[in-house]
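Numbering (numbering that gives the first Met the number 0) for the sequence shown: 0 to 332.
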Amino acid sequence: MPLLLAIESSCDETAAAICKDGQVLSNIVATQKVHEQYGGVVPELASRAHMQHIVPVVDQAMQQAGVALEELDAIAFTQAPGLIGALLVGAQFARSIALALNKPLITVHHMQAHVVANLIDDPKPRFPFLCLTVSGGHTQLVLAESPTTMKVIGETIDDAAGEAFDKSAKLLGLPYPGGPLIDVYAKKGNPKAFRFPEPQIPGLNFSFSGLKTAILYFIQEHQQANPSFIQDRLPDICASIQDRIVSILLNKLKKAAFETGIKEICLAGGVSANSGLRNGLEQMGKKYGWKTYYPALPYCTDNAAMIALAAYYKFLGKDFADLSVTPTARAGW
Ligand code: KG4
Ligand code: ZN
């Protein structure tokens, strides 16, 4: 019955969660507002904000779960990938607690944890399953054989899906992060109003940089003819951009499902909060006889509950880390 504290600090969310035997008892996330004015995450400011938030966030997670530090069976933290300065804050904090309490330490891979977020609530996917993991920094097709054995079978060769959303939003003058706002406006627009190109990338890899350029030229062209084009057509533009990003993602997911014959299909990562992607997956699932899953909204964007769950499975396998372990910005699987 392991009782675990997990810490996530890979980007601009400082998060802590407690889980007991795979059940989430608390899940606290402090989203750093400081980056909004810069239109993107500023690494140095992220590290400083993590240092300010980490003690109150961990305290709140402990209190909400009604747990004392001495009761913990292990401490887990995101070891990779992410911003190195940001990762260091969570790593150092976790190592210090583990050392002070003489408890085991567990390292977690952030992208594997996004996939494992699908195992938090019921119904859970059965192994092996496919997971389309789409976040601000990554776009991956993952074949999960167990909670701790996964392989990446496709990924983006340039921008991530979340970046495609955020950069498109920036071109439209929307604040950072613009992905959720595109989702909101898209609900009131016509997804077929404008047609953006679908890149022809072989295999299971993705590309989004061409789409970004196409959107830039599209906006410039229309604004020359009508300076208030964005204002006049914002819902239609957002719906059309979202429709194309979703179709690029789902077409590759379909290809992966056909090639592997797997019919248990999941989404994960911040972009899996997108309503167009969720609906699109459900429709495709009905058409092809798949069982489809996506995490509850709080477990899509960065959080520590998914870190705790991933750590739970490593705890069961007694996969502990040495106290001297350090984080890494980039990490293979
Ligand atoms: O997983 P996440 O919280 O952080 C990373 O590990 O990168 O993902 C953040 C990304 C951002 O690009 C954000 O715009 C996008 O997820 N996102 C969305 C939505 N909610 C979050 N994109 C489209 N629609 C949404 N509803
Ligand atoms: Zn993430």
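Beta carbons: idealized from backbone N, C-alpha and C, even for Gly.
A quick note: this is a predicted structure, and the numbers were derived from the prediction, not measured.
Proximity test, residue i beta-carbon vs the ligand KG4 heavy atom, cut-off 7 Å
i: Phe340; result: Outside the shown range of the chain, which is 0 to 332, sits residue 340, and nothing can be said about it.
i: Ser134; result: yes
i: Cys10; result: yes
i: Asp182; result: yes
i: Pro80; result: no
i: Asn273; result: yes
i: Gly188; result: no
i: Gly39; result: no
i: Pro174; result: no
i: Gly260; result: no
i: Pro179; result: yes
i: Gly161; result: yes
Collapsed DSSP secondary structure at residue i in the structure displayed
i: Asn204; result: coil
i: Ser95; result: helix
i: Ala15; result: strand
i: Phe154; result: A quick correction: the sequence has Glu, not Phe, at residue 154. The answer is strand: DSSP assigns Glu154 an E or B state.
i: Val183; result: helix
i: Thr212; result: helix
i: Val23; result: strand
i: Met0; result: coil
i: Val40; result: coil
i: Glu197; result: coil
i: Val324; result: coil
i: Ala303; result: coil
i: Val66; result: coil
i: Ala238; result: helix
i: Ala5; result: strand
i: Leu29; result: Here residue 29 turns out to be Ala, not Leu, going by the sequence shown. Correct three-state label for Ala29: strand.
Heavy atom of the ligand ZN within 7 Å of residue i beta-carbon
i: His49; result: no
i: His109; result: yes
i: Asp301; result: yes
i: His113; result: yes
i: Gly268; result: yes
Residue burial classification, residue i (beta-carbon count within 10 angstroms, cutoff 16)
i: Glu43; result: exposed
i: Glu7; result: buried
i: Ala345; result: Residue coverage of the chain in this structure runs from 0 to 332, which leaves residue 345 outside it and unanswerable.
i: Ser227; result: exposed
i: Ala85; result: buried
i: Thr77; result: buried
i: Asp120; result: exposed
i: Met149; result: buried
i: Phe195; result: buried
i: Arg125; result: exposed
i: Arg243; result: buried
i: Val107; result: buried
i: Met0; result: exposed
i: Ile74; result: buried
i: Asp58; result: exposed
i: Arg94; result: buried
i: Ala116; result: buried
i: Pro326; result: buried
i: Gly65; result: exposed
i: Ser323; result: exposed
i: Arg257; result: Inspection of the sequence shows that residue 257 is occupied by Phe rather than by Arg. It counts as exposed.
i: Ala79; result: buried
i: Asp11; result: buried
Near the ligand SAH: residue i beta-carbon under 7 Å from a heavy atom
i: Gly202; result: For the ligand SAH, the structure offers nothing, since it holds only the ligand KG4 and the ligand ZN.
Interface flag, residue i vs chain C, CB-CB below 8 Å
i: Met149; result: Protein chain content of the structure displayed is limited to a single chain, and chain C is not contained in it.
Counting Cβ pairs closer than 8 Å, one from the region 79-99 and one from the region 236-254, do we hit at least three? By the Cβ test, the region 79-99 is not in contact with the region 236-254, since fewer than three Cβ pairs between them sit closer than 8 Å.
Taking contact to mean 3 or more Cβ pairs, one atom from each stretch, closer than 8 Å, check whether the region 142-159 and the region 169-177 are in contact. Flag = no, the region 142-159 and the region 169-177 do not touch.
Could you tell me which whole alpha helix (DSSP H) segments of length 4 or greater appear in the region 258-301? The region 258-301 contains these whole alpha helix (DSSP H) runs: 274-287.
Does the count of Cβ pairs from the region 232-247 and the region 110-117 closer than 8 Å reach three? Touching, no.
What runs of the alpha helix (DSSP H), each 4 residues or longer, lie entirely inside the region 69-145? If we require 4 residues or more, the alpha helix (DSSP H) runs fully inside the region 69-145 come out as 83-100, 109-115.
Please determine if the region 296-310 and the region 23-30 are in contact, where contact requires at least 3 C-beta pairs separated by less than 8 Å. As far as the Cβ criterion goes, the region 296-310 touches the region 23-30, which means the pair count is three or higher.
Are three or more beta carbon pairs between the region 270-290 and the region 121-138 nearer than 8 Å? Because the criterion of three Cβ pairs below 8 Å is met, the region 270-290 and the region 121-138 touch.
Tell me, please, whether the region 203-214 touches the region 155-168 by the rule of three or more beta-carbon pairs shorter than 8 Å. Contact check between the region 203-214 and the region 155-168: three or more CB pairs, one atom from each, fall below 8 Å, which counts as touching.
For the region 236-243 and the region 183-193, state whether three or more C-beta atom pairs, one from each stretch, are separated by less than 8 Å. With a cut-off of 8 Å, the region 183-193 and the region 236-243 count as touching, because enough Cβ pairs lie within range.
Within the chosen definition, does the region 251-263 reach the region 280-294 through at least 3 CB pairs nearer than 8 Å? At 8 Å Cβ cutoff, the stretches touch.
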